[in-house]
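Asker: In terms of numbering that gives the first Met the number 0, the sequence shown opens at residue 0 and continues consecutively. First, the structure itself, so that you have it in front of you.
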Amino acid sequence: MLNRRVFSSAANSAQINVMLFGAPGVGKGTYSKLMEKEYDFKTFSMGEYFRALVKNPSTDPNDTFIIKLKQILSSGQLVDDQLVVDILRDVKKKPEYAKHMGIILDGVPRTVKQAQLLRDSGFKMDLIINFFNREDILLQKLMSRRVCPECGKNYNIADINTPDGYQMKPLLPKKKVDECDDHPGVKLVIREDDNEWVIRDRMKVYEQKTIPILEFYQRECKETKVVNFEAKKGVGDYPEVKKILKETLNI
Ligand SMILES: [Zn+2]
Numbered sequence: 000m001l002n003r004r005v006f007s008s009a010a011n012s013a014q015i016n017v018m019l020f021g022a023p024g025v026g027k028g029t030y031s032k033l034m035e036k037e038y039d040f041k042t043f044s045m046g047e048y049f050r051a052l053v054k055n056p057s058t059d060p061n062d063t064f065i066i067k068l069k070q071i072l073s074s075g076q077l078v079d080d081q082l083v084v085d086i087l088r089d090v091k092k093k094p095e096y097a098k099h100m101g102i103i104l105d106g107v108p109r110t111v112k113q114a115q116l117l118r119d120s121g122f123k124m125d126l127i128i129n130f131f132n133r134e135d136i137l138l139q140k141l142m143s144r145r146v147c148p149e150c151g152k153n154y155n156i157a158d159i160n161t162p163d164g165y166q167m168k169p170l171l172p173k174k175k176v177d178e179c180d181d182h183p184g185v186k187l188v189i190r191e192d193d194n195e196w197v198i199r200d201r202m203k204v205y206e207q208k209t210i211p212i213l214e215f216y217q218r219e220c221k222e223t224k225v226v227n228f229e230a231k232k233g234v235g236d237y238p239e240v241k242k243i244l245k246e247t248l249n250i
């Protein structure tokens, strides 16, 4: 069991915390990259954090938190809600995050319990943008995804243009229509779990998990602004996202 590190109050309490919500495929990654470029935000992704931790063998011998966390991961123990919150607080103190104006959280908190623990620990969420698509659009987008079996690069053949304003251009290979740009001769494939029923299932699970988290923040965290945003144009919606940032955070 990990001995909980005693945390002092937030290292940089003026820092802005933004959470981007949205089902897989809705385009959160696109917006967070644009926000990082234009504002002084840094994105924290829990998934990437764990992947990096597992991959990187060298650890600062003074960093007892990371050393213990690695022991937990390598022993196959589950990462519980409190540990997720401890990780976030640890990350926030690290210079590579603390030096920025704000942090974008991607994929965390993942449960209401995590949100509660985070709130109780004094971690203030300033803004949550909940990106959503009409369900049939999201389904079409995910089913049109094509991937290179060699490198995992994603393409998309969906060409969406609806009367109610959805405009999404396909993202096709530049050289040959069904081959990866980086791997000539390798045919693009559909991921096994990108079929209608698996996707519908994923969307349902996502909703069941997500909506209670949004409700928690709306109900119990008066300082958190929650904005629902129907992302109809991908990158083309970015000016609208900027308006949200301006109106809610005054940046
Ligand atoms: Zn490839």
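Think of the CB as a built atom: it goes at the ideal place given N, C-alpha and C, for glycine as much as any other residue. From a predicted model like this one, the values you see are computed outputs, not experimental measurements.
For L68 and N55, what's the separation of their Cα atoms in angstroms?
Answerer: As a first step, residue 68 is located in the sequence shown; it is residue number 69 there, counting from the start. As a first step, residue 55 is located in the sequence shown; it is residue number 56 there, counting from the start. Whole-angstrom Cα-Cα distance: 13 Å.
Asker: In the stretch 214-250, which residue ranges form an unbroken beta strand (DSSP E) of at least 3 residues, counting only runs that do not cross its ends?
Answerer: Whole beta strand (DSSP E) segments, 3+ residues: 224-229.
Asker: Which word fits P162, buried or exposed, when buried means at least 16 other C-beta atoms lie within 10 angstroms of its C-beta?
Answerer: Mapped onto the sequence shown, residue 162 falls at position 163. P162 should be labelled exposed.
Asker: Between the stretch 111-125 and the stretch 140-157, do three or more beta carbon pairs fall short of 8 Å?
Answerer: These segments do not touch.
Asker: Spatial neighbours of A114 within its chain, please: C-beta separation below 6 Å, excluding the five flanking residues on both sides.
Answerer: Mapped onto the sequence shown, residue 114 falls at position 115. Taken in chain order, the residues that qualify are P108, I212, F215.
Asker: Exposed or buried, what is S57 when buried is set at 16 or more other beta-carbons lying within 10 Å of its beta-carbon?
Answerer: As a position in the sequence shown, residue 57 is number 58, starting the count at 1. Exposed is the call here.
Asker: Is D177 near ligand 1, in the sense that its beta carbon is under 7 Å from a heavy atom of that ligand?
Answerer: Residue mapping note: residue 177 aligns to position 178 of the sequence shown, counting from 1. Not under cutoff, so the answer is no.
Asker: Contact between the stretch 235-244 and the stretch 83-90: three or more CB pairs below 8 Å?
Answerer: Not touching, per the Cβ criterion.
Asker: Provide the residue(s) that pair with Q166 in DSSP beta bridges, ordered along the chain.
Answerer: Stepping through the sequence shown from its first residue, residue 166 is reached at position 167. Per DSSP, N160.
Asker: Whose C-beta lies closer than 6 Å to the C-beta of K112 among residues of the same chain, with five residues either side of it excluded?
Answerer: In the sequence shown, the residue the question calls residue 112 occupies position 113. Same-chain partners within the cutoff: D80.
Asker: From K174 to G106, what distance separates their C-alpha atoms?
Answerer: Within the sequence shown, numbered from 1, the residue matching residue 174 stands at position 175. Within the sequence shown, numbered from 1, the residue matching residue 106 stands at position 107. Cα to Cα, K174 sits roughly 34 Å from G106.
Asker: Per DSSP, which residues does H182 bridge with? Please list them.
Answerer: Here residue 182 corresponds to residue number 183 of the sequence shown, with the count starting at 1. BP columns for H182 point to C179.
Asker: Is the closest heavy atom of ligand 1 to the C-beta of V188 under 7 Å?
Answerer: Position 189 of the sequence shown, counted from the start, is the residue given in the question as residue 188. No.
Asker: Would you tell me roughly how many angstroms separate the C-alpha atoms of I198 and T209, rounded to the nearest one?
Answerer: If you number the sequence shown from 1, residue 198 lands on position 199. If you number the sequence shown from 1, residue 209 lands on position 210. Spanning the two alpha carbons is a distance of roughly 16 Å.
Asker: In whole angstroms, what separates the C-alpha of H267 from that of F40?
Answerer: The structure shown does not extend to residue 267, since the chain spans only 0 to 250, so no value can be given for it.
Asker: Quick check on the burial criterion: 16 or more other C-beta atoms within 10 angstroms. Buried or exposed for L244?
Answerer: In the sequence shown, counting from the first residue as 1, residue 244 sits at position 245. Per the 10 Å Cβ criterion, buried.
Asker: Can you give me the start and stop residues for the alpha helix (DSSP H) that F64 sits inside?
Answerer: Translated into the one-based positions of the sequence shown, residue 64 becomes position 65. Taken as a continuous stretch (DSSP letters only), the alpha helix (DSSP H) holding F64 covers 63-73.
Asker: Do you know whose CA, among Q14, G26, N16, lies nearest R144's CA?
Answerer: Position 145 of the sequence shown, counted from the start, is the residue given in the question as residue 144. Here the closest residue by C-alpha is G26.
Asker: Going by the C-beta, is C147 closer than 7 Å to any heavy atom of ligand 1?
Answerer: On the sequence shown, residue 147 is found 148 positions in, with the first residue counted as 1. For ligand 1, at least one heavy atom lies less than 7 Å from the Cβ of C147.
Asker: Quick check on Q139: buried or exposed, where buried means 16 or more other Cβ atoms within 10 Å of its Cβ?
Answerer: Within the sequence shown, numbered from 1, the residue matching residue 139 stands at position 140. Buried, since its Cβ has 16 or more Cβ neighbours within 10 Å.
Asker: Report the residue from T63, N61, I127 whose alpha carbon sits nearest the alpha carbon of S31.
Answerer: Position 32 of the sequence shown, counting from 1, holds the residue named residue 31. It is I127 whose Cα lies nearest to the Cα of S31.
Asker: Do D125 and V225 have their C-beta atoms within less than 8 Å of each other?
Answerer: Within the sequence shown, residue 125 is the residue found at index 126, counting from 1. Within the sequence shown, residue 225 is the residue found at index 226, counting from 1. For D125 and V225, no; Cβs fall outside 8 Å.
Asker: Just to confirm the assignment: which complete alpha helix (DSSP H) runs, minimum length 4, are found wholly within the stretch 13-62?
Answerer: You should have 27-37, 45-54.
Asker: How would you label L77, buried or exposed, when you count the other beta carbons within 10 angstroms and need 16 or more for buried?
Answerer: Taking the sequence shown and counting its residues from 1, one reaches residue 77 at position 78. By the 10 Å Cβ count, L77 comes out exposed.
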